[in-house]
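*Asks:* In UniProt numbering, the protein residues as written are 1 to 761.
Backbone N, C-alpha and C fix where the C-beta goes; we use that ideal spot for every residue, glycine too.
Structure incoming, see below.
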Amino acid sequence: MYKTTFMGIERTVSDLISGDSTKRVNGVIKFLAEDFHVHEINVNGEILNVCKYVPLEKISRAMEHMNRVNTGEDFLRKYDSSFVFPETMLTDGDFTRLRIMLDMLKGLLLKAKMSEEGNDSSAVDQIYSLHICKVKEDMKSIRTGVHNWVREYLPFLESKSLNMKSIRKDENMMKYLEPYNDEFASLDDNYNIVHISPKPVCLKKIRSKWNIYKDSEGAQSYDESLQQRHDNLVKNDSDTPIETVQDLVKEVDCTDYSNWSSNYKDNVRLRKYLHFTMLKMNRDTSEVVNMLCKCSKRASFDVFTAGNKDRRAITVQRMCMRRSDISEMFETMSKKGWFKDVYLSDFVYSDERLHLGELSGNFFKVVVRGLDVPPTDTSSASSHTDDKCISYIIDTRVNYLREYGFINYFGLQRFGSMLVGTHIVGAAIIKHDYESAVRLILGDVESAKSFPWFEKYLSTSDAGMSDVDTSESVVTPLKTSVGSSDPERKYKRAVDYYLKDNDAKSALEFLPKHLYIEKSLLKGLDEKLPFDKCLGKIPKNILSIYVHATQSLIFNKAVSERLSKFGYEPVVGDLVSTGVPDEDEEEGDEVPKNNKRRQIIEITNEDEVKRYSINQVVLPLPGDDVQYPPNMVETYKKTSLEEFGIPLEMFSTCREKSKRIVSIGGSYRFIVVRPRDVSYRLIEPLKNPFEILVPSPISQSGLGNIESILKDGSKYAERMNRISKELVNKRAVVLTCSLPKSSYITMAIREVFTDKTIENL
């Protein structure tokens, strides 16, 4: 029996309409990351794509060039006696002092020439020059001209005005002026001169070179690296001029400045958030957010998205960051820790941030490979790949999907991939059994057996106890085999310290660092906190996910029962959603109970049945203040008790909020969704199973070198090699469609392809 059945995913619209529940096609989904494309659809109904984009290599070159400009390397490498100083603003003595400083910086930065007494890095702070400037009537304008000239032609230097009174109080500066006493001695205390010195970034570069040159081998390696960078720079200068960071910013800045004010404060407000489109390959959204924060040295609460996207896929979505600008983002993207399979584009400044759920849906392009038709009866020995049969089934099923839609089940990913699913954890939280909830999050199978659904799943599913590794190698403490390379095995051994020995401290010590939720729990357990307080260390939104998974399974069971009993038409006793949807609401969205623009109405007679369609019928997710349809209320009560041992009344938290660690919000969900823009394209039998059928919007491949992946000896490589042999000389199909934001593409695909196909994701 497939896992989908245990999750209440039992029917398809096609078999409800045609009565044929057998004719679906087998295939392989997500064989490559390029086989699954997800493009966010914004609230204006626009499908997001990468438009104004700069390759990472170009950004790196521009940032390298800017770094060389800011540190002075670029200027000082070319600097010689031919450099022209502003004769109208500086005196001959000023020229001399500035040349001395530039020669000193050139020696330190490019040749690393240091005297014995100059090896103290603190001496670097004393590099500066003082300038009288030519005496004219408007001295302030002369000094301003010098400051502007330094800013434009010597960007690695900074200048400021100082009066002679403050200089005469500084012992170091007076020592500096000794050779020039004739020029400065007669100046009045109120006379302002210009102080020029290297910027901190230039000084930092000098100090780093000093550290490198302490080691002769390091110095040689650094010189070779510096020369190579210079050669590349010269080559680029001779072939195509290097684009500056400012040039690249203009290429990707999509902000409409026509309505911007000339008032600086207004513009600061309008630049509060930087929005951009992100394309990622084979990465979790949360993983990318963490990387972005690490590279930019920002906190996660400064980054906002409309929602998470699939990991094993190419996805495009909108994001924004608080108080950032495009050049800063370029600097972040040029850091070593930046993922090379993440791309940012189409930047826009705004005074409003992106909110969770601020999208209307997603557009999908899904490749399914290795098509074959499963046997139609138990006497058939194997499936077959008859082209006409495959074409007929897919065409028929896709037409049903386009015309009638699909059942709006919650997909398998809602319940997690671990043996102890998120719905079991949620059930423990709803029952106030917080000790069990803690143990369940840590994967305790024995605690899970107290729930009827789990017992039934273990005893009758194909998984059974095969997923539970009770071998001696797992029970052995982690400290005896710390070198294990299997993350799952490391995790099991770590949590066993607590589950078997009640030793939270040891479990915490050996737990893999990336497991944030488990780490939070074990910290609380190590501090001897009550179990509800331990759960309180987990963010509320995560706890809500567990509870929502329990609600979702009950909803799935109820949908299957409703459609099996009453079919694909509204009936008396159904609940329907009427009224005007919110601006960002699409068909298929969950309808909150407090939505003032939507009304939930019970159909009470046959005349009312004719007014509504199946697309308006909703079922509740059990929770606070929801109305249950009269024709399904007993199903809800029975399902809650039989699957989780929970009376339906326990889903209400309104009268006991102080006792709950998380509220159980009720809502309504459409039972059928009709996708938009449905189409498909059949592909001829593939000789190369790794052929990319839907390329990335960006030319670079998401998986890189396939051959190297297949030879790395990992379980993933073994799986790829094994499955690839089954795909040779079999057809594939590319299916595209648009879905509202709360629906699952796997449930749409399930109308065409078998449950086996879905479960092998």
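Would you check if the distance between the CB atom of L535 and the CB atom of L521 is smaller than 9 Å?
*Replies:* Result yes, Cβ atoms of L535 and L521 sit closer than 9 Å.
*Asks:* According to the Cβ coordinates, are N556 and F410 closer than 9 Å?
*Replies:* Yes.
*Asks:* Between M632, N688 and I41, which lies nearest to A306 when the distance is taken from Cα to Cα?
*Replies:* Nearest option by C-alpha distance: I41.
*Asks:* Need the endpoints of the alpha helix (DSSP H) that C389 sits in, please.
*Replies:* Counting along the chain, the alpha helix (DSSP H) containing C389 begins and ends at D387 to Y404.
*Asks:* Using the beta-carbon count (16 or more within 10 Å), is G579 buried or exposed?
*Replies:* Result: exposed.
*Asks:* Using the three-state DSSP reduction, which class does N721 fall into: helix, strand or coil?
*Replies:* Helix, per DSSP.
*Asks:* So, for L177: in the same chain, excluding its five sequence neighbours on each side, which residues have a beta-carbon less than 6 Å away from its beta-carbon?
*Replies:* Once the five neighbours on either side are set aside, the close Cβ partners of L177 are F184.
*Asks:* Taking all protein chains shown into account, decide if E10 is buried (16 or more other Cβ within 10 angstroms of its Cβ) or exposed.
*Replies:* Buried: at least 16 other Cβ atoms inside 10 Å.
*Asks:* Any idea what DSSP makes of S696, helix, strand or coil?
*Replies:* Here S696 sits in coil by DSSP.
*Asks:* When the Cα of N308 is compared with those of H355, K297 and E649, which residue comes out closest?
*Replies:* Out of H355, K297 and E649, H355 has the C-alpha closest to the C-alpha of N308.
*Asks:* Just to confirm, are T12 and R676 a CB contact at a threshold of 9 Å?
*Replies:* No. Outside cutoff.
*Asks:* Among the candidates Y744, D92, S159 and K160, whose CA atom is the shortest distance from the CA of V135?
*Replies:* With distances taken between Cα atoms, V135 lies closest to D92.
*Asks:* Determine the direct distance from the alpha carbon of I100 to that of M173, and round the result to whole angstroms.
*Replies:* Answer to the nearest angstrom: the Cα atoms are 16 Å apart.
*Asks:* Leaving aside the five residues before and after D310 along the sequence, list all residues of the same chain whose C-beta is less than 8 Å from its C-beta, in chain order.
*Replies:* Within the same chain, D310 has close Cβ partners F36 and V38.
*Asks:* Tell me, please, which residues DSSP counts as bridged to E158.
*Replies:* BP columns for E158 point to S197.
*Asks:* Give the range of the alpha helix (DSSP H) segment to which M164 is assigned.
*Replies:* That run of the alpha helix (DSSP H) goes M164 to R168.
*Asks:* Mind the definition here: the region 435-452 touches the region 560-578 only if three or more C-beta pairs lie below 8 Å; say whether that holds.
*Replies:* Flag = no, the region 435-452 and the region 560-578 do not touch.
*Asks:* Within its chain, find whatever has a CB closer than 7 Å to the CB of A507; leave out the 5 residues flanking it on each side and keep chain order.
*Replies:* Cβ neighbours of A507 beyond the five flanking positions: A494, V495, Y497, Y498 and L522.
*Asks:* Under 8 Å, with one C-beta from each stretch per pair, do the region 147-161 and the region 186-197 reach the 3-pair mark?
*Replies:* Yes: the two stretches touch, three or more of their Cβ pairs being nearer than 8 Å.
*Asks:* Whole-angstrom Cβ separation of Y53 and V252, contact assumed at under 8 Å?
*Replies:* Indeed they touch by this definition, with Cβ atoms about 7 Å apart.
*Asks:* Does the region 269-288 come close enough to the region 313-331 to have 3 or more Cβ pairs within less than 8 Å?
*Replies:* Because the criterion of three Cβ pairs below 8 Å is met, the region 269-288 and the region 313-331 touch.
*Asks:* According to DSSP, which residues form a beta bridge with R261?
*Replies:* Rather than Arg, the amino acid found at residue 261 in this sequence is Ser. DSSP output for S261 lists no bridge partner at all.
*Asks:* Taking contact to mean 3 or more Cβ pairs, one atom from each stretch, closer than 8 Å, check whether the region 390-404 and the region 736-756 are in contact.
*Replies:* At 8 Å Cβ cutoff, the stretches touch.
*Asks:* Looking at C-alpha atoms only, which residue of N190, E64, N67 and L108 is the closest neighbour of R207?
*Replies:* Here the closest residue by C-alpha is L108.
*Asks:* Quick one, which of D341, F363, M7 and G573 has its alpha-carbon nearest L279's?
*Replies:* Ranking the options by Cα distance to L279, first place goes to D341.
*Asks:* How close, in whole Å, do the beta carbons of L693 and V367 come, if the pair is a contact with beta carbons under 8 Å?
*Replies:* Going by Cβ atoms, the distance from L693 to V367 rounds to 5 Å, so yes, they are a contact pair.
*Asks:* The alpha helix (DSSP H) with Q246 in it runs from where to where?
*Replies:* Where Q246 is concerned, the enclosing alpha helix (DSSP H) stretches over V245 to V252.
*Asks:* Tell whether a beta-carbon distance below 9 Å holds between L621 and S667.
*Replies:* Closer than 9 Å, so yes.
*Asks:* Below 8 Å CB to CB, which residues in the same chain sit around R143 once its five sequence neighbours on both sides are set aside?
*Replies:* For R143, where only same-chain residues beyond five positions count, the Cβ hits under 8 Å are C133, S161, N192 and V194.
*Asks:* So if DSSP puts A732 in a beta bridge, which residue, or which two residues, is it bridged to?
*Replies:* Paired residues: I683.
*Asks:* Using DSSP with H/G/I as helix, E/B as strand and the rest coil, what is I745?
*Replies:* Looking at I745 - three-state DSSP - the assignment turns out to be helix.
*Asks:* Can you check DSSP and say which residues form a bridge with I314?
*Replies:* Answer is H37 and M281.
*Asks:* Which of the three DSSP states, helix, strand or coil, is assigned to I661?
*Replies:* Coil, per DSSP.
*Asks:* Take the Cβ of L56 as the centre, count every other Cβ of all protein chains shown within 10 Å, and call the residue buried at 16 or more, exposed below.
*Replies:* Buried, since its Cβ has 16 or more Cβ neighbours within 10 Å.
*Asks:* Using a threshold of 9 Å, state whether the C-beta atoms of L686 and V728 are closer than that.
*Replies:* Their beta carbons are under 9 Å apart, which means L686 touches V728 by this criterion.
*Asks:* Go through its chain and collect everything with a Cβ distance to C51's Cβ below 7 Å, but skip five positions before and after it.
*Replies:* For C51, where only same-chain residues beyond five positions count, the Cβ hits under 7 Å are S345 and D346.
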